[in-house]
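Single-structure report; data block below.
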Amino acid sequence: MKLTSPLAVVVATIAFSTTAVAQTLPFLTTQTPLTLFSTNDGEFNQIFQLTEDQTTDWELKTKDSFTVIHLGPDHPPIIKTVYDTVPCAIAGTPTMAMSSDGRYALVANHGFRLGKMVKLQLPDGPQTNADLTPKMLKQQKMTAQLVNMLSLIDLSTPEYRVVDRVLFDDRPMHVLSHPDGQRFITGGDKYFYVHQIENGKLVELSRNPHPHGLNVFWIHPKGHRLIATQGDPGHNATVQWYSIEGNRIGHLSEVKVAPGVPTKLTGASFILRISLDGTKALICQRSLGNGIDLSDILVADLTQTPPVINAVVKQVSDGSESFAFHPNGKMAVATALNRDHNCIAVLDIASNPPRLLYTLDAKGMSQGIEFTPEGDKLFVGSPIAGRIEVFDVVGDFQLRKNPKFLNVGFGHNSLTIGSRYFPK
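Residue 1807 in our numbering sits at position 359 of the sequence shown; the count goes up by one each step and never skips.
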């Protein structure tokens, strides 16, 4: 007979009671205090309101914004959207960065435009780096859409104040936190940049040249490597493997599709993410919908030297945008890019090779996607719906859509999850 200690009984009782209370509350809760940070690109929202015969619709009216959502175990979601202070373009991995304590958020913006976005009539005023003055950089309002910029937001201030801005000579697609919790890496089309925050300012530690073009990337959980999809979106793409040694980022090798694997990279292969254990990366074969066929998800084995794409999940959806990995190490979820009949795709990554299990309905053009640290909830953002949908996790592979959702600014284009900041 197995004996249970009194302490174990008490701990189990408290855990069960906390879960039971959360299930009975009339609002969304999380097991621990968390912050969701959503950036929202007004340009993206605007292009879905356009008609070819009404030229006035091409005038950009929707403002860029970011939304901060505080979640916890015992209170309703606390949500605030701030407009016109931080530009944020949708092209790139739909994830930005937060500091490890949750105090700061970092947002990258670039001047690269694709498709109908190039037709938009932007408002009068500054639009590019050359149009900005040092005085403009210090003002809270920042309406320039085509700047190559990294913005630093202090989430401890009531108004979520922008406390620093850095301009780049190339086009930064997004920014990620390094696993050490101290540094931040931004990927441009000419350089990888490494920054840290000192007294509310961004301090550049290094810039590291590369010759492979526009890039989106993900950092290995050990912090010693990163993988990037690079090239000219729509025309060509390669996957590249880099080392991180101190503040230096150096190229190691190209990650190629192994002979006999029935898939290929395309010019629209442009977003990827590394699993939590660092053994594999999932790569979107097409980060654009085409309404013609279904695209694959490529799987790179990062345990090999050099890494190689040696597996594929066939015909997942009409374009994929991003991935989230569940803490159990078995389930991953991919977002898709349909408008009216969109989905998220649930993958079994513990099987060899990984396989598609099922798809679930989701609002159009899914972008950011994140699990809670405990793995009990999944958040999925939609730019068209202007919301973050919530899915409850049941067992190892089951997701159930929660009828509650979180409103964000229109044009959601990235989702970052982190600790909630509490002043000391």
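Idealized CB from N, CA, C, for every residue including glycine. Fair warning: this is a prediction, and the values are worked out from it, not measured in the lab.
Examine chain C for any beta-carbon lying closer than 9 Å to the beta-carbon of residue i, and answer yes or no.
i: residue 1682; result: Of the chains in the structure shown, none is chain C; there is only one protein chain.
Can you check whether the CB of residue j is closer than 9 Å to the CB of residue i?
i: residue 1542; j: residue 1862; result: yes
i: residue 1795; j: residue 1839; result: no
i: residue 1743; j: residue 1816; result: no
i: residue 1789; j: residue 1489; result: no
i: residue 1512; j: residue 1531; result: yes
i: residue 1704; j: residue 1797; result: no
i: residue 1577; j: residue 1616; result: yes
i: residue 1852; j: residue 1476; result: yes
i: residue 1673; j: residue 1654; result: no
i: residue 1646; j: residue 1569; result: no
i: residue 1740; j: residue 1764; result: no
i: residue 1677; j: residue 1731; result: yes
i: residue 1833; j: residue 1857; result: no
i: residue 1592; j: residue 1535; result: yes
i: residue 1697; j: residue 1642; result: yes
i: residue 1560; j: residue 1681; result: yes
i: residue 1649; j: residue 1600; result: yes
i: residue 1551; j: residue 1602; result: yes
i: residue 1724; j: residue 1801; result: no
i: residue 1792; j: residue 1736; result: no
i: residue 1491; j: residue 1538; result: yes
i: residue 1726; j: residue 1685; result: no
Just to check my reading of the structure: residue i and residue j have Cβ atoms closer than 8 Å, yes? What is that Cβ distance to the nearest angstrom?
i: residue 1484; j: residue 1865; result: 6 Å
i: residue 1555; j: residue 1514; result: 7 Å
i: residue 1768; j: residue 1785; result: 7 Å
i: residue 1778; j: residue 1844; result: 5 Å
i: residue 1868; j: residue 1481; result: 4 Å
i: residue 1478; j: residue 1825; result: 7 Å
i: residue 1919; j: residue 1623; result: Here the chain has residues from 1449 to 1872 only, and residue 1919 is not among them.
i: residue 1533; j: residue 1589; result: 6 Å
i: residue 1819; j: residue 1782; result: About 13 Å; that fails the 8 Å criterion.
i: residue 1841; j: residue 1823; result: 6 Å
Helix or strand or just coil, what does DSSP make of residue i?
i: residue 1848; result: strand
i: residue 1566; result: helix
i: residue 1490; result: helix
i: residue 1797; result: coil
i: residue 1602; result: strand
i: residue 1740; result: coil
i: residue 1464; result: Unreliable positioning characterises residue 1464 in this predicted model, as indicated by a pLDDT of 45, which lies under 50. The coordinate reading is nonetheless provided below. Of the three classes helix, strand and coil, the one that applies to residue 1464 here is helix, per DSSP.
i: residue 1776; result: coil
i: residue 1453; result: Its pLDDT being 45, under 50, residue 1453 is placed unreliably by the model, and nothing is read from it.
i: residue 1833; result: coil
i: residue 1496; result: coil
i: residue 1729; result: strand
i: residue 1861; result: strand
i: residue 1706; result: coil
i: residue 1515; result: strand
i: residue 1855; result: strand
i: residue 1592; result: coil
i: residue 1716; result: coil
i: residue 1472; result: helix
i: residue 1840; result: strand
i: residue 1749; result: strand
i: residue 1481; result: coil
i: residue 1458; result: At residue 1458 the pLDDT is 40, less than 50, meaning the model places this residue with poor confidence and gives no usable figure here.
Taking the beta strand (DSSP E) that residue i belongs to, which residues open and close that run?
i: residue 1635; result: 1631-1635
i: residue 1616; result: Where residue 1616 is concerned, there is no enclosing beta strand (DSSP E), given that its DSSP letter is neither H nor E.
i: residue 1804; result: 1803-1809
i: residue 1584; result: No beta strand (DSSP E) holds residue 1584; the alpha helix (DSSP H) holding it covers 1582-1586.
i: residue 1701; result: 1696-1703
i: residue 1762; result: 1756-1765
i: residue 1686; result: 1684-1693
i: residue 1789; result: Taken as a continuous stretch (DSSP letters only), residue 1789 belongs to no beta strand (DSSP E), as it is neither H nor E.
i: residue 1624; result: 1622-1625
Could you please give the first and the last residue of the uninterrupted alpha helix (DSSP H) stretch that includes residue i?
i: residue 1813; result: First-last for residue 1813: undefined, no H or E at that position.
Examine the ligand FAD and report whether any of its heavy atoms sits within less than 8 Å of the Cβ of residue i.
i: residue 1529; result: What this structure holds is no ligand at all, so the ligand FAD is not there to describe.
(message) Please give the ranges of any alpha helix (DSSP H) in the stretch 1646-1679, keeping only runs that are unbroken, at least 4 residues long and fully inside the region.
(response) List check, alpha helix (DSSP H) in window: nothing returned.
(request) Taking only runs that begin and end inside the stretch 1522-1559, name each unbroken beta strand (DSSP E) of 3 or more residues, in chain order. (result) Listed in chain order, the complete beta strand (DSSP E) runs (minimum 3 residues) inside the stretch 1522-1559 are 1526-1531 and 1552-1557.
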